[in-house]
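Quick note: the sequence shown uses the working numbering, first residue 63, plus one each step. I have placed the structure first, in the form of structure tokens, so that the comments after it can refer back to it.
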Amino acid sequence: MSSIKIKGLDEALKLVQKSSRARELTSEGVYKILNEVQQTLDTYLFKKDQVGVQVLVTVYTKVAGSYNGIPYSTFVEVERGKTVWKLNNVYRAIGIAADAKILNSEKFTHQIYCKAEKKLNRLVYPDIEL
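Here is the structure:
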């Protein structure tokens with residue numbers, strides 16, 4: 063597993079979360095989630111096709127049913143470059159999302175389909191060179 067580092071993430075998180083007390087993100091938490099996202103992307107996309115993938119990362123928390131309203135959470139938006147993840151935005155906003163969400167997945171459906179089709183063809187015709 064490769065270690066992911068994002069330039070400026072620690073400073074941005076400190077700045078955004080300076081007065082918050084709950085539903086905060088740490089850089090280690092972001093890196094852990096991004097490592098999982100990277101493994102999933104490697105399963106469905108070739109490295110060259112991953113450029114431009116935008117991911118929204120937030121802390122996963124359960125909210126009590128008696129809670130009135132929607133709590134604030136910290137969100138980190140990153141984009142996959144050729145070799146590294148780039149920080150796009152860090153902010154606090156209303157909303158609860160689960161760990162990570164790919165924001166522009168519709169742009170990559172064709173590449174995912176092509177890779178899946180190649181794997182399926184290999185299963186059906188393992189002797190033929192594709």
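No residue lacks a Cβ here, since even glycine has one placed at the ideal position from N, Cα and C.
Where residue i falls: helix, strand or coil (DSSP)
i	result
I200	Lying before the first or after the last residue shown, residue 200 is absent from the chain, which here runs from 63 to 192.
K148	strand
Y153	strand
M63	Note on M63: pLDDT 45, under 50, position unreliable in the model; no value is reported.
V119	strand
K76	helix
E86	coil
S167	helix
K110	helix
A126	coil
Supposed contact pair residue j and residue i - C-beta distance, whole angstroms, cut 8 Å
i	j	result
T136	R85	6 Å
N97	I66	6 Å
F170	V125	So it is not a contact: roughly 31 Å between Cβ atoms.
I95	V119	5 Å
Distance between residue j and residue i (C-alpha atoms, nearest Å)
i	j	result
I68	D161	17 Å
L71	H172	31 Å
T145	N166	19 Å
V113	V138	18 Å
K80	S89	14 Å
L24	G143	In this structure the chain extends from 63 to 192, so residue 24 is not present and cannot be described.
G91	E73	15 Å
Distance CB(residue i)-CB(residue j) smaller than 8 Å
i	j	result
E141	N150	yes
Y106	I174	yes
V78	Y134	no
F108	K177	yes
V117	L87	no
Residue interval of the beta strand (DSSP E) (run including residue i)
i	result
Y93	Counting along the chain, Y93 falls outside any beta strand (DSSP E), though it belongs to the alpha helix (DSSP H) covering 89-106.
A162	162-164
R142	134-142
heavy atom of the ligand SAH below 7 Å from residue i C-beta
i	result
N150	No copy of the ligand SAH occurs in the structure displayed, which carries no ligand at all.
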